[in-house]
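Trainee: Encoded as structure tokens, here's the structure I'll be asking about.
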Amino acid sequence: MRPVEPVRHPLWVRLTHWVGAGAFVALGVSGVAILLALPRLFWGETGANDAPAWIVLPLPVNLEQTGWGRNLHFLAAWIFVLSGALYLAAALVSGHLFRRLAPERDQLRPGHLAGELRAHLRLRPPVPASGRERYNALQKLAYLAVLLVLAPVMLLSGLTMSPGVTAAYPELFTLFGGRQSARTVHFLAATLLVAFLLVHLWQVAANRPLRLLRGMITGRTGRTTEET
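Following our numbering, the numbering of the sequence shown begins with 1296 at its first residue and continues without gaps.
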């Protein structure tokens, strides 16, 4: 018998995680640069500096950052989309999506969810349901919300802001109610993704961060099992 470290995260999970994380940071930086050209959000098809805005953001107007911001945003967006698509395809084929990310019945009990929430707020590891180590319910629900809801909304609303795409698929205007509506939805979805990132980092901090970071880099978390 000799101790063996099991692989917690396969290579494809680690690669898509870090590529997606890098692309997300680039999207955030470039998105702010683009937003500064018109830090006002509208609903419908049109919007301008002197038009009544649905949301006025307390940001200075800066037109000098738009050029590089758009170029970086488009590049990072497709990297993010391709990374996410590869992750989703591999997760479906391998069974990872249902085996690791779908919440199990014992994890969805109200008492257990309340206990997980209290543990996270105190930066403490939640007690696993049924005593088994796995992603906790809040992690699973957050990952599924990003993968199956927020990411598609970001993609479709981003495409709706492209005149070339909407010329070929005008149905996108119907879906979002206009180009400016799509821009507003894109901003709100991006805000939720940033909130997810902060919660994700909070969850990592509450669940043995060094061990989790090691697992996402090497695939192994330092825990061993006995192998004959």
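For glycine and all other residues, C-beta sits at the position ideal for the given N, C-alpha and C.
Quick one: what does DSSP say arginine 1404 is sitting in, helix, strand or coil?
Mentor: Coil at arginine 1404, not helix or strand.
Trainee: In this structure, does DSSP put valine 1356 in helix, strand or coil?
Mentor: Three-state result, valine 1356: coil.
Trainee: How about valine 1356 and asparagine 1344: are their beta carbons less than 9 Å apart?
Mentor: Yes. Within cutoff.
Trainee: Is the Cβ-Cβ distance between leucine 1443 and alanine 1397 less than 9 Å?
Mentor: The answer is no: Cβ separation not under 9 Å.
Trainee: Alpha carbons only, please: which of Glu1340, Arg1335, Thr1513, Ala1372 is nearest the one belonging to leucine 1354?
Mentor: Residue Arg1335 is the option with its Cα nearest to leucine 1354.
Trainee: Report yes or no: do the stretch 1324-1331 and the stretch 1401-1410 share at least 3 C-beta pairs separated by less than 8 Å?
Mentor: No: fewer than three Cβ pairs fall under 8 Å.
Trainee: Please classify glutamate 1411 as buried or exposed, where buried requires at least 16 other C-beta atoms within 10 Å of its C-beta.
Mentor: By the neighbour-count rule (16 or more Cβ atoms within 10 Å), glutamate 1411 is buried.
Trainee: In chain order, what residues of the same chain lie with their CB nearer than 7 Å to the CB of methionine 1511, ignoring the 5 residues before and after it?
Mentor: For methionine 1511, where only same-chain residues beyond five positions count, the Cβ hits under 7 Å are His1304, Arg1309, His1312.
Trainee: For alanine 1490, count neighbouring C-beta atoms within 10 Å of its own C-beta (all shown protein chains included) and say buried if the count is 16 or more, exposed if not.
Mentor: Exposed is the call here.
Trainee: Can you check DSSP and say which residues form a bridge with isoleucine 1350?
Mentor: Isoleucine 1350 is bridged to Leu1336.
Trainee: Would you call the CB atoms of leucine 1487 and phenylalanine 1319 closer than 9 Å?
Mentor: In this structure, phenylalanine 1319 does not lie closer than 9 Å to leucine 1487 by Cβ.
Trainee: So, helix, strand or coil for arginine 1515, using DSSP?
Mentor: Three-state result, arginine 1515: strand.
Trainee: Go through its chain and collect everything with a Cβ distance to asparagine 1431's Cβ below 6 Å, but skip five positions before and after it.
Mentor: Excluding positions up to five away in sequence, the list reads Glu1411, Pro1421.
Trainee: Taking a contact to mean a Cβ-Cβ separation below 9 Å, would you say valine 1448 touches alanine 1500 in this structure?
Mentor: No, the Cβ-Cβ distance between valine 1448 and alanine 1500 is not below 9 Å.
Trainee: Within 10 angstroms of the Cβ of glycine 1362, are there 16 or more other Cβ atoms? Answer buried if so, exposed if not.
Mentor: Exposed, by the Cβ-count rule.
Trainee: List, from N- to C-terminal side, the beta strand (DSSP E) runs of 3 residues or more that fit wholly inside the stretch 1414-1455.
Mentor: Entirely contained in the stretch 1414-1455, not one beta strand (DSSP E) run reaches 3 residues.
Trainee: Which complete alpha helix (DSSP H) runs does the stretch 1357-1391 hold, if anything under 4 residues is left out?
Mentor: Entirely contained in the stretch 1357-1391, the alpha helix (DSSP H) runs reaching 4 residues are, in chain order, 1361-1389.
Trainee: Closer than 7 Å by C-beta to alanine 1321: which residues in its own chain qualify, once you throw out the five before and the five after it? Chain order, please.
Mentor: Correct list, in chain order: Leu1367, Ala1371.
Trainee: Looking at leucine 1451: is its Cβ nearer than 9 Å to the Cβ of leucine 1470?
Mentor: Contact flag set, yes.
Trainee: May I ask you to report which of helix, strand or coil DSSP gives arginine 1303?
Mentor: Reduced to three states, the DSSP call for arginine 1303 is coil.
Trainee: Can you give me the C-alpha to C-alpha distance between tryptophan 1307 and leucine 1436, rounded to a whole angstrom?
Mentor: In a straight line, the C-alpha of tryptophan 1307 is about 21 Å away from that of leucine 1436.
Trainee: When you compare the CB positions of serine 1457 and phenylalanine 1337, do they come within less than 9 Å of one another, or not?
Mentor: No, the pair does not count as a contact, with Cβ atoms beyond the cut-off.
Trainee: Smallest Cα separation from histidine 1415: which of Arg1395, His1495, Phe1369?
Mentor: The option with the nearest alpha carbon to histidine 1415 is His1495.
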